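To start, the structure itself, in structure tokens.
There are 2 protein chains.
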Amino acid sequence: MNKKIHMYILSDSAGETASKLAQATMAQYDQSDLEIQLIKRTFIYEKSDLLDALKEAKELEAIVLQTLISEELVKISNEYCQKHNLFTIDALSPLVNEVNRRTDIEPSRVPGALHFLNENYFERINAMEFAVKYDDGKDPRGFLEADILLLGVSRTSKTPLSLFLANKNLKVANLPLIPEAHIPPQIWEVDPKKIVGLTNDPKILNAIREERMRSYGLRPNTAYSDIEKIREELKFADDLYKKIGCLIINVAQKSIEETASIILSELGLEDHSYFR
Amino acid sequence: MNKKIHMYILSDSAGETASKLAQATMAQYDQSDLEIQLIKRTFIYEKSDLLDALKEAKELEAIVLQTLISEELVKISNEYCQKHNLFTIDALSPLVNEVNRRTDIEPSRVPGALHFLNENYFERINAMEFAVKYDDGKDPRGFLEADILLLGVSRTSKTPLSLFLANKNLKVANLPLIPEAHIPPQIWEVDPKKIVGLTNDPKILNAIREERMRSYGLRPNTAYSDIEKIREELKFADDLYKKIGCLIINVAQKSIEETASIILSELGLEDHSYFR
Chain A
156 MNKKIHMYIL
166 SDSAGETASK
176 LAQATMAQYD
186 QSDLEIQLIK
196 RTFIYEKSDL
206 LDALKEAKEL
216 EAIVLQTLIS
226 EELVKISNEY
236 CQKHNLFTID
246 ALSPLVNEVN
256 RRTDIEPSRV
266 PGALHFLNEN
276 YFERINAMEF
286 AVKYDDGKDP
296 RGFLEADILL
306 LGVSRTSKTP
316 LSLFLANKNL
326 KVANLPLIPE
336 AHIPPQIWEV
346 DPKKIVGLTN
356 DPKILNAIRE
366 ERMRSYGLRP
376 NTAYSDIEKI
386 REELKFADDL
396 YKKIGCLIIN
406 VAQKSIEETA
416 SIILSELGLE
426 DHSYFR
Chain B
156 MNKKIHMYIL
166 SDSAGETASK
176 LAQATMAQYD
186 QSDLEIQLIK
196 RTFIYEKSDL
206 LDALKEAKEL
216 EAIVLQTLIS
226 EELVKISNEY
236 CQKHNLFTID
246 ALSPLVNEVN
256 RRTDIEPSRV
266 PGALHFLNEN
276 YFERINAMEF
286 AVKYDDGKDP
296 RGFLEADILL
306 LGVSRTSKTP
316 LSLFLANKNL
326 KVANLPLIPE
336 AHIPPQIWEV
346 DPKKIVGLTN
356 DPKILNAIRE
366 ERMRSYGLRP
376 NTAYSDIEKI
386 REELKFADDL
396 YKKIGCLIIN
406 VAQKSIEETA
416 SIILSELGLE
426 DHSYFR
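Chains as they are written, first to last, in my numbering: chain A, 156 to 431; chain B, 156 to 431.
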């Protein structure tokens, strides 16, 4: 018995805040029990576009999730939903109104102010380009410019972690560790407080690497996935981390978000993505 | 007269949903008028950790923004805030409870269910690694595997756009267009409905490129930033886009989020990041 409900996201920007909220809710359900269909109507600036979207939502008896900032549009949406008995969540207004009440400073009410093409925004883009440029040890000169240098053997999430942290405006370089390979001398010039050594459980690495081999259409039990070889690699990495004196994180069973959160907290860094 | 308020984020996961909400609010204010200090207490599983965080929030008379999913923790937090007269927003419960009410299906109440190391999660990681691997036309063989192929002259946001879309579980390759350079033959094998041609206004490109030259410590008026040269490049790109018959987007004055939103809607793709 697969049930289905519709969720309408109404936003005067890209609808990311509401999407996060919807995703957090959807993650609470198994898709085989409940299908939540998300429909986004974003960059709504006109009253007529808003009313069109609300009518669509009404036809589907959808849950309306809105993050509009224009007082006029919020009012129209709330009135429509009340009149037509549509369940709505106005996610942004309570928080903005409380800040306004406490400080007596009016919010700008500019839609999508989060994406203003301002200095902070360009810093984030630079951080992303930095992560791509200095991924996979491509150019060790990036180590000295980086806010964070990630070290790790293969399959310890270096790339996605670098990109996730780049989204927080942090410049991240990463270096894969292979016992046979040359360690760039720049590593010893970097402040150890900026370095993170990533490690993993040998059995998990073994399973991941066997799977990777299979996806390449190769035999799973190669040197790459050999457990003794993996233990050697991890030992090599661990010895290097201790010599550097850096933070060590075992990423086994941790999501990127969780590992990133530990890094920020342990290195005393903040999420810079929201400063204007 | 710089005013300051504190905002406490309490989450049993990485606190991303609440952070988005806080950021959308902060973006409504100018930092020179109002400083909003964001303090995160994430991965809260224990009652004692929650109470510690609430006490800290009370000392600062902070706004409490919570996205806890455990009914017990939500109850403790709400009761504490009511008793101690702390303003709180319970961002997740109204939506989860409404879905529950409509469907009669209980949410899993597993904290941070969004970051389960499930298939969808690994797909996202693969998409990120794909974007890095096939960035900047590095390997045209990726074009045929990609969900989206982005074409564009220098400084049309190809890299950040690829990464942003990778976060939505889409495999994106990109190719920089330079009139003198060879166009990989693979481009003609890709379905034009998967290709996006990015363009920009010549004057904006000129300003961006002059700035880039300055940041490299070079003279700003090089061939790279010459306006006639830029017009030629844009004409070359435009001719190619028309020959391919692909979607063309002018990214001038558009944020990455906005451009990504247009791409998804025009190519008929969905944000796949929330499917489990």
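Cβ atoms here follow ideal geometry from the backbone N, Cα and C, with glycine treated the same way. The model shown is predicted, which means the values in this text are computed figures rather than measured ones.
Burial state of residue i, where buried means 16 or more other Cβ atoms lie within 10 Å
i              : result
E388 (chain A) : buried
L353 (chain B) : buried
G297 (chain A) : buried
N157 (chain A) : exposed
G170 (chain A) : buried
G454 (chain A) : No answer is possible for residue 454 (chain A): it lies beyond the span of chain A, which begins at 156 and ends at 431.
F319 (chain B) : buried
K358 (chain B) : exposed
R279 (chain B) : buried
E226 (chain A) : exposed
Q408 (chain A) : exposed
Y396 (chain B) : buried
Y163 (chain B) : buried
N252 (chain A) : exposed
E412 (chain A) : buried
E421 (chain B) : exposed
A378 (chain A) : exposed
Sub-7 Å separation of residue i and residue j beta-carbons
i              : j              : result
D167 (chain B) : L223 (chain B) : yes
Q192 (chain A) : H161 (chain A) : yes
I399 (chain B) : P339 (chain B) : no
T172 (chain B) : L220 (chain A) : no
L241 (chain B) : A208 (chain B) : no
I350 (chain B) : C401 (chain B) : yes
Q183 (chain B) : P262 (chain A) : yes
V308 (chain B) : A212 (chain B) : no
L360 (chain B) : I385 (chain B) : yes
T258 (chain A) : V287 (chain B) : no
N324 (chain A) : A282 (chain A) : yes
Straight-line gap, residue i to residue j (C-alpha atoms, nearest Å)
i              : j              : result
H275 (chain B) : S232 (chain B) : In the sequence under discussion, the amino acid at residue 275 (chain B) is Asn, which differs from the His named in the question. C-alpha separation (whole angstroms): 31 Å.
I285 (chain A) : L373 (chain B) : Checking the sequence, you will find Phe at residue 285 (chain A) rather than Ile. About 20 Å.
L316 (chain A) : A415 (chain A) : 7 Å
T180 (chain A) : P375 (chain B) : 50 Å
D204 (chain A) : H337 (chain A) : 59 Å
F198 (chain A) : Y289 (chain A) : 34 Å
L306 (chain A) : S370 (chain A) : 25 Å
R196 (chain B) : I260 (chain B) : 30 Å
T311 (chain B) : E383 (chain A) : 47 Å
N322 (chain A) : K390 (chain A) : 31 Å
E335 (chain B) : M368 (chain B) : 21 Å
C236 (chain B) : F277 (chain B) : 38 Å
D381 (chain B) : E234 (chain A) : 53 Å
Q102 (chain B) : L228 (chain A) : Here chain B has residues from 156 to 431 only, and residue 102 (chain B) is not among them.
Supposed contact pair residue j and residue i - C-beta distance, whole angstroms, cut 8 Å
i              : j              : result
N329 (chain A) : D291 (chain A) : 7 Å
P249 (chain A) : I194 (chain B) : Not really, about 19 Å apart at Cβ, beyond 8 Å.
E365 (chain B) : K326 (chain B) : At roughly 34 Å, the Cβ-Cβ gap does not stay under 8 Å, so E365 (chain B) and K326 (chain B) are not in contact.
I418 (chain B) : I303 (chain B) : 7 Å
P266 (chain B) : Y200 (chain B) : 7 Å
K230 (chain A) : E190 (chain A) : Not quite, the Cβ-Cβ distance comes to about 32 Å (not below 8 Å), so this is no contact.
Residues that residue i contacts on chain A, provided the C-beta gap is smaller than 7 Å
i              : result
E278 (chain B) : Residues of chain A passing the Cβ test: none, with the nearest at roughly 12 Å.
M368 (chain B) : Residues of chain A passing the Cβ test: none, with the nearest at roughly 15 Å.
D290 (chain B) : V287
F298 (chain B) : The contacting residues do not exist; F298 (chain B) stays about 18 Å from chain A at best.
I164 (chain B) : Those within 7 Å of I164 (chain B) in chain A number zero; the least Cβ separation is about 10 Å.
Per-residue contacts from residue i into chain B (C-beta, under 7 Å)
i              : result
F285 (chain A) : Result: empty, since nearest Cβ-Cβ is about 10 Å, beyond 7 Å.
V251 (chain A) : T180, Q183
L318 (chain A) : M283, L318
Residue i: contacting residues in chain A (beta-carbon distance under 8 Å)
i              : result
L189 (chain B) : V254, T258, I260
P315 (chain B) : R279, I280, M283, E284
T354 (chain B) : Ordered by position in chain A, no residue passes the 8 Å Cβ test against T354 (chain B), which lies about 17 Å from the chain.
A246 (chain B) : L176, A246
L220 (chain B) : L250
S225 (chain B) : Correct list: empty, because the minimum Cβ distance to chain A is about 11 Å.
Closer than 9 Å at the beta carbon, the chain B residues around residue i
i              : result
K213 (chain A) : Those within 9 Å of K213 (chain A) in chain B number zero; the least Cβ separation is about 15 Å.
S309 (chain A) : Simply none; closest approach about 12 Å.
Closer than 9 Å at the beta carbon, the chain A residues around residue i
i              : result
S263 (chain B) : A182, Q183, Y184, D185
P295 (chain B) : Within chain A, no residue comes near P295 (chain B); the closest Cβ sits about 17 Å away, beyond 9 Å.
T377 (chain B) : Here the premise fails: no neighbours, minimum Cβ distance about 20 Å.
Contact list for residue i against chain B, beta-carbon separation under 8 Å
i              : result
K158 (chain A) : T258, I260
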